[in-house]
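Structure record follows, encoded as C-alpha cells.
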Amino acid sequence: MTSELVIRDLHVTVADGEKEVLKGVNLTIRQGEIHALMGPNGSGKSTLSNAIMGHPHYAVTQGDILLDGESILDMEPNVRARKGLFLAFQYPVAVPGVSMANFLRTAVSNIRGFTDQPAPSDKKQGLIGSNLMPMKDFRKEFLGKMDEFNVDRSFAKRYLNEGFSGGEKKRVEILQMAMLQPKFAIMDETDSGLDIDALRVVSDGVNKLAGPDLGILLITHYQRILNYVKPDFVHVFFNGRIVMSGGPEIAYELEEKGYSWVTDQFGELELVAA
Ligand SMILES: Nc1ncnc2c1ncn2[C@@H]1O[C@H](COP(=O)(O)OP(=O)(O)OP(=O)(O)O)[C@@H](O)[C@H]1O
Ligand SMILES: [Mg+2]
Numbered sequence: 020m021t022s023e024l025v026i027r028d029l030h031v032t033v034a035d036g037e038k039e040v041l042k043g044v045n046l047t048i049r050q051g052e053i054h055a056l057m058g059p060n061g062s063g064k065s066t067l068s069n070a071i072m073g074h075p076h077y078a079v080t081q082g083d084i085l086l087d088g089e090s091i092l093d094m095e096p097n098v099r100a101r102k103g104l105f106l107a108f109q110y111p112v113a114v115p116g117v118s119m120a121n122f123l124r125t126a127v128s129n130i131r132g133f134t135d136q137p138a139p140s141d142k143k144q145g146l147i148g149s150n151l152m153p154m155k156d157f158r159k160e161f162l163g164k165m166d167e168f169n170v171d172r173s174f175a176k177r178y179l180n181e182g183f184s185g186g187e188k189k190r191v192e193i194l195q196m197a198m199l200q201p202k203f204a205i206m207d208e209t210d211s212g213l214d215i216d217a218l219r220v221v222s223d224g225v226n227k228l229a230g231p232d233l234g235i236l237l238i239t240h241y242q243r244i245l246n247y248v249k250p251d252f253v254h255v256f257f258n259g260r261i262v263m264s265g266g267p268e269i270a271y272e273l274e275e276k277g278y279s280w281v282t283d284q285f286g287e288l289e290l291v292a293a
C-alpha cells in the first residue's frame with residue numbers, strides 16, 4: 020500500500036504560544052512523489068519541518084498531521100522516525116563525543132527494532148532496550164553506504180558534525196537518510212551552502228534514494244537544485260501557508276520574476292514576525 024502523509028489545516032505557534040507561524044498549511048505527500056517547497060526567509064518552512072518531526076518548541080494549535088490516516092501529533096520524535104519520517108536539518112547540530120558510527124548504529128537499531136529485544140547479556144534480568152544491530156552487519160552496511168554516497172570513510176570515527184564543513188554536514192544528512200530508509204524525507208535546504216560539485220553529489224544522492232518507496236519534501240530557495248532533482252509538484256510558501264501549487268514551471272517563474280510575482284497576487288508580504 021502506498022503511504023500518505025497528510026498535513027491538514029496546520030496551525031503552529033512558537034515561543035510559548037506568543038507567535039503563530041503556521042496559519043493553516045494543507046499538503047498531501049504520497050510515497051514516490053517529490054514535492055518542492057519554496058518561500059522567502061522567515062515564511063515558516065523550517066517551522067513546518069520541525070512541527071512534522073515533533074520538535075517540542077513548536078506547538079500545534081489547530082489541524083492535524085496524519086500518516087496513513089493516523090494522527091502523529093501525540094507521538095514523540097523517535098516514534099515518528101520509526102513510523103518512517105526523517106528530517107534532514109537546515110542547520111545540523113554538532114554532537115561532540117558521539118561518533119558518526121555510534122550515532123547511526125544506535126539510530127538504525129532503534130528504527131529497525133533491534134532495541135526492542137533484550138541484549139544477550141541482559142536477558143536474565145529481563146532488561147529491554149540495550150540491544151543494537153550486530154557490529155559486523157552494521158559496519159558492512161555503513162561502509163558500503165559511505166562509499167556509495169561519497170562520504171570519506173574517515174568520517175565514521177569523527178564526532179557527529181563537529182568541525183564538518185557546511186557541505187560535509189549536508190552530505191552526512193543524506194548518508195543518514197540512506198541508512199534510515201524513511202518513507203518520507205523532509206529535506207530542509209539541503210542544497211544551501213553547497214559548491215557545484217557538492218550540489219551534484221547531494222542531488223545524485225537524493226536521486227538514488229528517490230523511488231516508489233520514498234516521498235520527499237524538498238525545501239529550497241533555489242531553482243538550481245531542481246535542475247538535478249525533478250519535482251512532481253512545486254509549492255510556494257508565504258506567510259505561514261501554501262499560496263500556490265503546481266508543476267516545475269512554477270519554480271522557473273519564481274526564479275525569473277522573484278517573489279513579487281506572488282505578492283502581486285496575494286498582497287504584500289506581511290512579515291510573520293509582525
Ligand atoms: N523557536 C522560535 N522562537 C521564536 N521565533 C521562532 C522560533 N522558530 C521560528 N521562529 C520564527 O518563526 C518565523 C519562521 O521561521 P522559519 O525558520 O520557519 O522560517 P523559514 O521559512 O525556514 O526561513 P529560512 O528560509 O530563512 O530558513 C521567523 O520569524 C522565526 O524567527
Ligand atoms: Mg528554514
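With the numbering used here applied, the sequence shown covers 20 to 293. Just so it is clear, CB atoms sit at the ideal spot from N, CA and C, and this is done for glycine as well.
- If you draw a straight line from the Cα of L46 to the Cα of N129, it comes to about 28 Å.
- DSSP places D83 inside the beta strand (DSSP E), whose first and last residues are A78 to L86.
- In the structure shown, F108 adopts coil according to DSSP, grouped into three states.
- Here P115 carries a strand assignment [DSSP, helix/strand/coil].
- Of the other Cβ atoms in all chains shown, fewer than 16 fall within 10 Å of the Cβ of P153; this residue is therefore exposed.
- At least 7 Å separates the beta-carbon of H54 from that of L41.
- The beta-carbon separation of L106 and D207, rounded to 7 Å, stays under the 8 Å limit for a contact.
- Of the residues R260, V220, S264 and T66, the one whose Cα lies closest to the Cα of P250 is S264.
- Distance from the CA atom of E268 to the CA atom of G116, rounded to whole angstroms, is 46 Å.
- Put simply, of P96, V114, T239 and K64 the residue whose alpha carbon is nearest the alpha carbon of L218 is T239.
- Beta-carbon to beta-carbon, V191 and F174 are separated by about 7 Å, close enough to satisfy the 8 Å threshold.
- When DSSP states are grouped into helix, strand and coil, N45 belongs to the strand group.
- CA-to-CA, the gap between I48 and A120 works out to about 31 Å.
- Pairing L236 with I205 gives a Cβ-Cβ distance under 7 Å.
- Sequence-distant partners of Y278 (beyond 5 residues in either direction) whose C-beta falls short of 6 Å from its own C-beta, in its chain, are P59.
- Taking the C-beta atoms as reference points, M198 is found nearer than 7 Å to K164.
- Shown here, V248 sits in coil according to DSSP, grouped into three states, outside any helix or strand.
- In the three-state scheme derived from DSSP, where H, G and I count as helix and E and B as strand, R260 is classed as strand.
- Each residue's CA atom was taken as its position, placing D166 and E23 some 31 Å apart.
- The Cβ-Cβ distance between G186 and L213 falls below 7 Å.
- E89 is bridged by DSSP to L86.
- Between G103 and P201, the gap from beta carbon to beta carbon is short of 7 Å.
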